[in-house]
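Undergrad: When the sequence shown is numbered by the numbering used here, its final residue is 182 and no position is left out of the sequence of numbers.
Input: one structure, supplied below.
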Amino acid sequence: MQINFITFPQIETENYLLRRLKNEDADAVFQIRSNKQIVKYIDRPLAKSLDDALQFIAKINVGILKNDAVYWAICNKTTSKIIGTITLWQISEVDKTAEIGFELLPEYQGLGIMQEVIPKVIEFGFGNLKLVEIIGEVAPDNAKSVALLKKYGFKLKSELKNTQLYALTKN
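What follows is the structure, given as structure tokens:
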């Protein structure tokens, strides 16, 4: 397993570009991280200001430089607008595992965007990072995310009080 995100791994799909966050993305990051619908199922505080968004971008970029995580902005290729994010984080070189996380602005949910993006991120995880397992942690009542994980072969691994862990193992 060789992790090196110094040269950031951009990913392209037919309609989307997955790229690194930059400070100029603070408005979009603030929209995502301050949206009550998005954080409904995520245990994190709402962003309260553009400064919160800039601090988050800085934190993410430090994590990338340390090779702890790879975090992509999901951009519409036509408009260049950031509509969500997707990440592989909590990467374990020992266990060869990572956790997947994703979020979309509410107006873009249910349009098949993640169906185009998730397979490419899984391919990157198993192919480029040589992971043997990708884990998704979701709230049990987050039916859309549970359905997405199941669609791509994730199987229920364990259940805790407020969360379920799904795992996809490399064939």
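Glycine residues also receive a C-beta, built at the ideal position from the N, C-alpha and C atoms.
Exposed or buried, Ser156, counting other C-beta atoms within 10 Å across all chains shown (16 or more means buried)?
TA: Looking at its Cβ environment, which holds 16 or more other Cβ atoms inside 10 Å, Ser156 is buried.
Undergrad: Would the region 67 to 75 count as touching the region 29 to 42 if we require 3 or more Cβ pairs under 8 Å?
TA: Verdict: yes, contact present.
Undergrad: Nearest-angstrom Cα distance between Glu23 and Ala58?
TA: Between Glu23 and Ala58, the C-alpha separation is close to 28 Å.
Undergrad: Find the nearest neighbour of Thr180 within the set Phe137, Gly112, Ile124, Asn34, judged by alpha-carbon distance.
TA: Ranking Phe137, Gly112, Ile124, Asn34 by Cα distance to Thr180 puts Phe137 first.
Undergrad: Contact check, Ile93 vs Asp36 under 8 Å by CB: the rounded distance?
TA: Correct: roughly 6 Å between the Cβ atoms.
Undergrad: May I ask which residues mark the beginning and end of the alpha helix (DSSP H) holding Ser156?
TA: Unbroken alpha helix (DSSP H) run through Ser156: 154 to 162.
Undergrad: I believe Thr96 touches Glu114 by the beta-carbon criterion, under 8 Å. Please report the beta-carbon distance rounded to the nearest angstrom.
TA: About 6 Å separates the two Cβ atoms, so the contact holds.
Undergrad: With distance defined between alpha-carbon atoms, name the residue in Gly147, Lys77, Leu28, Ile49 nearest to Tyr163.
TA: Of Gly147, Lys77, Leu28, Ile49, the residue nearest in Cα terms is Gly147.
Undergrad: Beta-carbon within less than 7 Å of Lys88's beta-carbon, same chain only, minus the 5 sequence neighbours each way: which residues are those?
TA: So the list reads Asn26, Tyr27, Leu28, once near-sequence residues are dropped.
Undergrad: Less than 6 Å between C-beta atoms, sequence neighbours within five positions excluded: which residues of the same chain meet that for Val132?
TA: Closer than 6 Å at Cβ, skipping near neighbours: Ile97.
Undergrad: Taking the beta carbon of Gly123 as the centre, do at least 16 other beta carbons fall within 10 Å, making it buried, or is it exposed?
TA: When all chains shown are included, Gly123 counts as exposed.
Undergrad: Name the residue from Leu167, Phe16, Leu142 whose alpha carbon lies nearest to the alpha carbon of Ile75.
TA: The shortest C-alpha separation from Ile75 is found at Phe16.
Undergrad: So, Ala11 versus Glu134, is the Cβ gap smaller than 8 Å?
TA: Any property of residue 11 remains undetermined from this structure, which presents the chain solely from 12 to 182.
Undergrad: On a CA-only basis, which of Arg31, Met125, Lys77, Glu170 is nearest Ile102? Give me that one, please.
TA: Nearest C-alpha to Ile102: Lys77.
Undergrad: What ranges does the alpha helix (DSSP H) occupy inside the region 18 to 52, keeping only unbroken runs of at least 4 residues that lie completely in it?
TA: The qualifying runs are 37 to 44, 47 to 50.
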